[in-house]
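A.B. asks: One structure follows; several queries about it will come next.
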Amino acid sequence: MNRVGFKAFLSALALLLLFSPRGAFPQNWPQWRGPEANGVSRETGLPVRWSASENIAWKVKLPGRGMSTPIIWGNRIFVTSQIGYGIVEERSARHEGPVRSDDGPVIFVLQCFGREQGELLWEHRIPAEKPLPPVHTFHNLSTPSPVTDGECVYAWFGTGQLIAFTLDGRLAWKRSLGREYSPFRLLWGHGSSPVVYKDSLILLCDHDPAAYLLALDRRTGKEVWKADRGKGLRSYSTPFLVAAGGRHELIVNSNPRIDAYDPETGKLLWHADGDCKVPIPMPVSADGILYASRGYNSGPYMGIRSGGSGDVSQTHVLWRVPTGAPYVSSLLYYQELLYMATEVGIVRCVDPKTGETLWTQRIGGNFSASPVGADGKVYLLNEDGETVVVEAGRKCVVLARNALNELCRASPAVAQGRIFIRSDENLYAIGARLAGTRAARSAPGIFRHRDAEPQR
39 MNRVGFKAFL
49 SALALLLLFS
59 PRGAFPQNWP
69 QWRGPEANGV
79 SRETGLPVRW
89 SASENIAWKV
99 KLPGRGMSTP
109 IIWGNRIFVT
119 SQIGYGIVEE
129 RSARHEGPVR
139 SDDGPVIFVL
149 QCFGREQGEL
159 LWEHRIPAEK
169 PLPPVHTFHN
179 LSTPSPVTDG
189 ECVYAWFGTG
199 QLIAFTLDGR
209 LAWKRSLGRE
219 YSPFRLLWGH
229 GSSPVVYKDS
239 LILLCDHDPA
249 AYLLALDRRT
259 GKEVWKADRG
269 KGLRSYSTPF
279 LVAAGGRHEL
289 IVNSNPRIDA
299 YDPETGKLLW
309 HADGDCKVPI
319 PMPVSADGIL
329 YASRGYNSGP
339 YMGIRSGGSG
349 DVSQTHVLWR
359 VPTGAPYVSS
369 LLYYQELLYM
379 ATEVGIVRCV
389 DPKTGETLWT
399 QRIGGNFSAS
409 PVGADGKVYL
419 LNEDGETVVV
429 EAGRKCVVLA
439 RNALNELCRA
449 SPAVAQGRIF
459 IRSDENLYAI
469 GARLAGTRAA
479 RSAPGIFRHR
489 DAEPQR
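Going by our numbering, the letters in the sequence shown line up with residues 39 to 494, in that order.
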């Protein structure tokens, strides 16, 4: 291994050890975008071909809709859903035809399934607090993905309600950030997911009434620090943790700029200016370079050197492409190349050193889910439920097209030899069925409960 390769290896190892939820290994998928929060799995031998009736290990019906990614720890899969339609922002529904929208009861659901057979182990239901924030017709208040540190699973919803459960289904603590701090009102609705850093749970709350970063003690839910971010900020992106210049940086992609904070204290370290109306994608990084997509109507994407101080707009931006970025889907850095999938079905491969496009292909479909890199391949799930598998490299080679024929906007997860896909109605485990596996059913002793008090 040469120096460059060894440096890349050490950088990846540092990210895995420092920023992944405690004890996480590649066979788990403990958070939005996986072990290193970058959409990359180090597993091999993953499925390449499947359909709605072929190479499906199991499939379970979900009680409600959601755009959140399933997360996996050991033999447990956690997924959130919303029962009830809630209120849809009228402007988002203007060109979508008839859309279900009401102010009726909304229930949030956190479920735990067995990874091998898909049996329901436990679930928790919590009534949504009113008034309900309006959302875009493409998603609902169950868009944030849960996260686990191997001790608890943390689920956050678009009203600001936050719950922490032990892995066996006991309530540890709960918070109501929308009532305790300020209402979770944001054009199109909240989308950011929680992030685990050491003993803290970090949450980005960029909303119309107030914008702030919040760190909570992951064991108790008590506030560790709060960083006010000012007025008029908007973000739907999940914060991204990087190691740079001997320190840790928490990257926030928001409408006026990209910010870097100290995750220990909430202190602002640097910022790179550049306006973006609706920042959704989460950045990725490699070898000290941050790759950020600003999204919204084919916006810019760029490479930024981490480790700066103050305004780095003129000093640390290595390259910037003014147009072509995905609106919703995040970038994928995999095997020294950048990949992106847009909302109009265009997939692009980019040289991360220069921003130069290496190939562009109209794959088809619309992409909200972020791409996944694994086993020398890039998995691209479109909204029609078709996963296009492409060979990773400087030429576009399509290996397979796998149709589930269901609406899919959540990103796939990978764990222990299988690919997990959440559609609007079902949760799929893609891969070989274990010998003796039957249709998924509730396990003996399953318990369901509605709201509960924390365990003592």
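Don't be surprised by glycine CBs; every beta carbon is placed ideally from N, CA and C.
#1: Does the stretch 386–404 come close enough to the stretch 347–363 to have 3 or more Cβ pairs within less than 8 angstroms?
#2: Can you check which of these residues, Trp67, Val355, Val350, Asn420, is closest to Thr380 by C-alpha distance?
#3: Flag this pair as yes or no: are the beta carbons of Glu81 and Ala310 separated by less than 8 angstroms?
#4: Under a three-way DSSP split, which group does Gly268 fall into?
#5: Secondary structure at Arg495, three-state DSSP: helix, strand or coil?
#6: Give the straight-line distance between the Cα atoms of Lys433 and Gln373, rounded to the nearest whole angstrom.
#7: What residue from Leu209, Gly227, Leu200 has the CA that sits closest to Pro171's CA?
#8: Nearest to Tyr466 by CA position, among Arg71, Pro85, Pro68, Asn76, is which residue?
#9: Please go through the same chain and pick out, in chain order, the residues whose beta-carbon is closer than 7 angstroms to the beta-carbon of Arg223, but skip the five residues on each side of it.
#10: Just to confirm before moving on: does the CB-CB distance between Pro319 and Ser292 stay below 8 angstroms?
#11: Scan the stretch 141–212 and note each continuous beta strand (DSSP E) run of 3 residues or more that stays entirely inside, going in chain order.
#12: Ignoring anything shorter than 4 residues or poking outside the stretch 323–349, list the alpha helix (DSSP H) runs there in chain order.
#13: Taking only three categories from DSSP, how would you classify Glu394?
#14: Let me confirm a value: Ala470 is counted as buried when at least 16 other C-beta atoms fall within 10 Å, else exposed. Which label applies?
#15: What's the call for Gly112, buried or exposed, on a 16-neighbour Cβ count within 10 Å?
#16: Between Phe116, Ile145, Val144, Thr186, which has its C-alpha nearest Pro33's C-alpha?
#17: In whole angstroms, what separates the C-alpha of Ser230 from that of His177?
#18: For the stretch 212–223 against the stretch 246–264, do three or more pairs of beta-carbon atoms, one drawn from each stretch, fall closer than 8 angstroms, so that the two count as touching?
#19: For Lys97 and Phe116, what's the separation of their Cα atoms in angstroms?
#20: Return the first residue and the last residue of the beta strand (DSSP E) that Gly411 is part of.
#21: Kindly indicate which residue of Ala75, Ser79, Ser89 has the alpha-carbon position closest to the one of Asp14.
#22: By the three-class DSSP mapping on this structure, what secondary structure does Glu444 have?
#23: Does the distance from the CB of Gly142 to the CB of Ser119 come in under 8 angstroms?
#24: Quick check on Glu261: does DSSP put it in helix, strand or coil?
#25: Taking DSSP as the reference, what is the three-state secondary structure of Glu287?
#26: Go to Leu306, then tell me how far its beta strand (DSSP E) extends in each direction, as first and last residue.
#27: Restricting to Cα atoms, I'd like to know which of Phe458, Ile145, Asn66 is closest to Ile94.
#28: So, using beta-carbon positions, are Thr173 and Gly198 closer together than 8 angstroms?
#29: Identify the residues that DSSP records as bridge partners of Glu429: which are they?
#30: Measure the alpha-carbon distance for Val388 versus Gly337 and round it to whole angstroms.
#31: Report yes if the CB atom of Ser273 is closer than 8 angstroms to the CB atom of Trp308, and no otherwise.
#32: Nearest-angstrom Cα distance between Val233 and Arg295?
#33: Taking the straight line between their C-alpha atoms, what separation do you get for Thr175 and Leu437?
#34: Let's see if you can read the secondary structure: which residues bound the beta strand (DSSP E) around Met320?
#35: Got a sec, what are the start and stop residues for the beta strand (DSSP E) Phe458 sits in?
#36: Exposed or buried, what is Gly124 when buried is set at 16 or more other beta-carbons lying within 10 Å of its beta-carbon?
C.D. replies: Quick answer:
#1: yes
#2: Asn420
#3: no
#4: strand
#5: Given that the chain is displayed from residue 39 to residue 494, the structure contains no residue 495 and the question cannot be resolved.
#6: 13 angstroms
#7: Gly227
#8: Pro85
#9: Pro171, His245, Asp246, Pro247
#10: no
#11: 145–152, 158–165, 190–194, 199–204
#12: none
#13: coil
#14: exposed
#15: exposed
#16: Not covered by the structure: residue 33. The range shown for the chain is 39 to 494.
#17: 13 angstroms
#18: yes
#19: 14 angstroms
#20: 410–412
#21: The structure shown does not extend to residue 14, since the chain spans only 39 to 494, so no value can be given for it.
#22: coil
#23: no
#24: strand
#25: strand
#26: 306–311
#27: Phe458
#28: Note that residue 173 is Val in the sequence shown, not Thr. No, these two residues do not count as a Cβ contact at 8 angstroms.
#29: Lys415, Val435
#30: 15 angstroms
#31: no
#32: 20 angstroms
#33: 33 angstroms
#34: Run containing Met320: none; DSSP gives neither H nor E here.
#35: 456–460
#36: buried
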